[in-house]
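Please read the structure below before turning to the comments.
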Amino acid sequence: MSRPEWQQQPCPEWCTVIHTDGDHPDDRSHRDDGVVVPVIARRRYYEGDALVERIEAVQIVLGRWQRDGEEQSWRFLGIDGGGELELSEASFVRLADTMRRLVA
Ligand SMILES: [Zn+2]
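For any residue, its number in this note's numbering is found by taking its place in the sequence shown, counting from 1, and adding 1.
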């Protein structure tokens, strides 16, 4: 399969996107399928003046992302119903190492 005209670099080995000439400029990036990690989380937030605490099932999505033409790839960390972060590889490794230490 030939590359679309806009694509400046070959896909990284982890990219699972089928790129086409019609891809919107915002979608011209390399991504993997991501990994969904179901977790149990405690969330606290205000409802009006009341602080509410709720324990609920949440999905965390982890994956890789790279804008076409850029050298740097990012590790995506998204929280279902919450925010998201794009971390440098070094930051992602540091986070993983720290999480491993906290488990011990
Ligand atoms: Zn790609």
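Note that the Cβ used here is the ideal one computed from N, Cα and C, for glycine as well.
N-terminal and C-terminal residue of the alpha helix (DSSP H) that Arg1 is part of: Shown here, the chain extends from 2 to 105; a query on residue 1 therefore has no answer.
Same chain only: Cβ atoms within 8 Å of Ser74, ignoring 5 sequence neighbours per side: Here residue 74 corresponds to residue number 73 of the sequence shown, with the count starting at 1. Excluding sequence neighbours, Ser74 sits near Pro13, His31, Arg65, Trp66, Gln67 and Glu90.
Neighbourhood of Pro39 by C-beta distance below 7 Å, restricted to the same chain and skipping five residues each side: In the sequence shown, the residue the question calls residue 39 occupies position 38. Here the set comprises Ala58 and Gln60.
Pro39 (DSSP reduced to helix, strand or coil): Taking the first residue of the sequence shown as position 1, residue 39 is located at position 38. In the structure shown, Pro39 sits in a strand (DSSP, three-state: E or B).
Beta-carbon proximity list for Glu6, same chain, < 8 Å, skipping 5 on both sides: Position 5 of the sequence shown, counted from the first residue, corresponds to residue 6. Counting only Cβ-Cβ distances below 8 Å, and skipping sequence neighbours, we find Asp22.
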